[in-house]
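> Protein chains in written order, with numbering that gives the first Met the number 0: chain Y, 0 to 242; chain S, 0 to 218.
Quick reminder that beta carbons are idealized off the backbone N, C-alpha and C, glycines included.
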Amino acid sequence: MCIKKGISAAIALARYDQNIMGEEVKLFRTWSSPFALRIVWALGIKAIEYETVFEDISNKSPSLLQCNPVHGKVPVLLHNGTPIAESLVILEYIDETWKQAPLLPVDPHERAMARFWAKFGDDKVLGSIWSVFIKQGKEQEEAMVPAMENLKFLEEELKGKKFFGGETIGFVDLALGWLANLIGLLEEIVGLKVVDGEKLPLLSAWMQEFGDAPIIRDNWPARDGMILKFQALRDATIAAASK
Amino acid sequence: MADEIMLLDWWSSMFGMRVRIALVEKGLKYESREEDLNNKSPLLLEMNPVHTKIPVLIHNGKPICESPIIVEYIDEVWKDKSPLLPTDPYQRAHARFWADYIDNKIFQLGGKIWTRKGEDQEAAKKELMECLKILEGELGEKPFFGGENFGFVDVSLVTFSCWFYAYESFGNFSIEAECPKLIAWTKRCLQKSSVSSSLPDPLKIHDFVVQLRKKFGIE
């Protein structure tokens, strides 16, 4: 109870400070980008007020290209006119700039482990799940092997914890959060169970717990739109591969 | 209590070199263990079960993996000497952005140059030079990417410099011709003992690549 009151007080104070300082925070995103969602969640958890700029990837705005000339991608956070790009870099920036509701732990080794799992998610898990999604038949079966190995590492990491961050949502939860939404969608599209509640009970429970948290639940992109988009992506990829 | 620091490493790894540089910058004593990547030690498999790769830093028995994460860890734990990351959050984000850029581009492109031929190789060369030019632009007139002082981005990129000669030989091109300021920066970095003691001789790297090409049947 005392901890909760403490966090609410910190957030209220931070909001007061933000208004007094006249801080301007803008987020460039697309409606569906899982990387941009991480930033939406982080800003929500820290109760930071911001303006959203929705980008059309087929017709990027001059502002986006000016803010991220190297990659031209979303998300980009613009803080008082200064751009920060790359979602995990942005998360760390947000955590260092607004100290309420910390996302990363204090202990250096725990911080290193959090960064490790976030990177593992991006470097390995994402690609391996995608491979399962865009393949068919025997190739899909073979792609399941590394995907399941990667998910098992995450299952191990959740032992004794409600979230990857412990009792509360943290850096790794936000980095892996795309799993809680996308896995279900992809499973529906390909008709294949990837995260089985019996084989991966902790990961299943986490997907539920994380997905139900208000800040997370209230910001999922429209389900119908996501199904259409990913079905189209799968069809296009399969068609290109068979040429 | 004395810190026990061990580094599981491989002599030609640009990623291992980053950790060596950071440890020397901080004046730390450590035990270095050379892994046989064809016969990985039980210790490596235990300390990095997810990737089974080097470098792994083992600090008082606890492992830290992935070179940029290891370098940040070293910088956070031994923060009083030779800081590698700045204190300002935006400057830190800027440094992490460029380290991430380096990690996503240079290794794969460099690797393609010495493993592929024909169009594939030409495409990799072109893209590598574009990336190095972008990095040279980011360096600008500063002595180091970190500004006046050698920093996180410098550590991330300089370790590729000992591989440049191999890339240039097998790709038949000159990095200095198109990025003279970048090469001048590598020489500036090599004047630091942390860098010169951590990077192997480019000729040794070149000979190693010759052996690898023979092993993989690349002509």
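Does the beta carbon of Lys158 (chain Y) sit closer than 7 angstroms to a beta carbon anywhere in chain S?
No, no contact with chain S.
> Rounded to a whole number of angstroms, what is the C-alpha to C-alpha distance between Leu84 (chain S) and Ala92 (chain S)?
Answer to the nearest angstrom: the Cα atoms are 10 angstroms apart.
> Spatial neighbours of Arg187 (chain S) within its chain, please: C-beta separation below 8 angstroms, excluding the five flanking residues on both sides.
Excluding positions up to five away in sequence, the list reads Pro142 and Phe143.
> Looking at C-alpha atoms only, which residue of Y:Glu138, Y:Ser32, Y:Phe27 and Y:Val24 is the closest neighbour of Pro220 (chain Y)?
When only C-alpha atoms are compared, the closest one is Y:Ser32.
> Opposite Phe143 (chain S) in the DSSP bridges: which residues?
Paired residues: S:Gly146.
> Could you tell me if Gly224 (chain Y) is buried or exposed, where buried requires 16 or more neighbouring beta carbons within 10 angstroms of its beta carbon?
Exposed: under 16 other Cβ atoms inside 10 Å.
> With DSSP run on the structure shown, which of helix, strand or coil describes Lys132 (chain S)?
Reduced to three states, the DSSP call for Lys132 (chain S) is helix.
> Please classify Pro200 (chain Y) as buried or exposed, where buried requires at least 16 neighbouring CB atoms within 10 angstroms.
Exposed, by the Cβ-count rule.
> Whole angstroms are fine: how far does the CA of Ile215 (chain Y) sit from the CA of Met0 (chain Y)?
Residue placement at Met0 (chain Y) is flagged as unreliable, the pLDDT there being 43, under the threshold of 50; the coordinate-derived value follows with that caveat. Going from the Cα of Met0 (chain Y) to the Cα of Ile215 (chain Y) covers about 22 angstroms.
> Assign Asp153 (chain S) to one of two classes, buried (16 or more other C-beta atoms within 10 Å of its C-beta) or exposed (fewer than that).
Per the 10 Å Cβ criterion, buried.
> Among Y:Glu95, Y:Ala46, Y:Phe27 and Y:Leu42, which has the Cα closest to the Cα of Cys66 (chain Y)?
Comparing Cα-Cα distances from Cys66 (chain Y) to each of Y:Glu95, Y:Ala46, Y:Phe27 and Y:Leu42, the minimum goes to Y:Phe27.
> When DSSP labels each residue in this structure, what does Phe169 (chain S) get in the three-state scheme?
Reduced to three states, the DSSP call for Phe169 (chain S) is helix.
> Taking only the alpha-carbon atoms, compute the straight-line gap between Ile2 (chain Y) and Thr167 (chain Y) and give it to the nearest angstrom.
Because the pLDDT of Ile2 (chain Y) is 45, which lies under 50, any placement of that residue in the model is unreliable, and the number read from its coordinates should be weighed accordingly. If I take the Cα positions, the gap works out to 12 angstroms.
> For chain Y, check one thing: does any of its Cβ atoms lie closer than 7 angstroms to the Cβ of Cys130 (chain S)?
Answer no: the Cβ-Cβ gap between Cys130 (chain S) and chain Y never drops below 7 angstroms.
> Tell me Lys61 (chain S)'s beta-bridge partners as DSSP assigns them.
DSSP lists S:His58 as partners of Lys61 (chain S).
> Could you give the distance in angstroms between the alpha-carbon of Ile38 (chain Y) and the alpha-carbon of Asp172 (chain Y)?
Approximately 12 angstroms between the Cα atoms of the pair.
> Just reading off the beta strand (DSSP E) that Phe31 (chain S) is part of, what are its end residues?
Looking at the sequence itself, residue 31 (chain S) is Ser, so the reference to Phe does not match. Where Ser31 (chain S) is concerned, the enclosing beta strand (DSSP E) stretches over Glu30 to Glu33.
> In this structure, does DSSP put Val88 (chain Y) in helix, strand or coil?
Of the three classes helix, strand and coil, the one that applies to Val88 (chain Y) here is helix, per DSSP.
> Under a CB-based cut-off of 7 angstroms, is Val88 (chain Y) close to chain S?
Yes - at least one Cβ of chain S is within 7 angstroms of the one on Val88 (chain Y).
> From Leu175 (chain Y) to Lys123 (chain Y), what does the alpha carbon distance come to, in whole angstroms?
Roughly 11 angstroms between the two C-alpha positions.
> Could you check if Gly120 (chain Y) is buried or exposed, using at least 16 other CB atoms within 10 Å of its CB as the buried criterion?
Classification for Gly120 (chain Y): buried.
> Less than 7 angstroms between CB atoms is the rule here; does Lys118 (chain Y) satisfy it with respect to chain S?
Yes, contact with chain S.
> Is there a C-beta anywhere in chain Y that falls below 7 angstroms from the one on Cys161 (chain S)?
Output row for Cys161 (chain S): interface = no.
> With a cut-off of 8 angstroms, do at least 3 Cβ pairs link the region 15–30 of chain S to the region 55–69 of chain S?
The region 15–30 of chain S is in contact with the region 55–69 of chain S.
> May I have a chain-ordered list of the alpha helix (DSSP H) segments no shorter than 4 residues that lie completely inside the region 54–85 of chain Y?
Counting only runs of 4 or more, we get 61–66.
> Can you list the residues of chain Y that Asp99 (chain S) reaches, using a CB-CB cut of under 9 angstroms?
Result: Glu85, Leu87 and Val88.
> Quick one: what does DSSP say Asp217 (chain Y) is sitting in, helix, strand or coil?
DSSP places Asp217 (chain Y) in coil when its eight states are reduced to three.
> Compute the distance between the beta-carbons of Trp184 (chain S) and Leu138 (chain S), then report whether it is under 7 angstroms.
Yes, the Cβ-Cβ distance between Trp184 (chain S) and Leu138 (chain S) is below 7 angstroms.
> Examine chain S for any beta-carbon lying closer than 7 angstroms to the beta-carbon of Arg259 (chain Y), and answer yes or no.
Residue 259 (chain Y) falls outside the range modelled here, since chain Y spans only 0 to 242, and no answer is possible.
> Using alpha carbons as the reference points, say which of S:Gln120, S:Ser193 and S:Phe207 lies closest to Leu22 (chain S).
It is S:Ser193 whose Cα lies nearest to the Cα of Leu22 (chain S).
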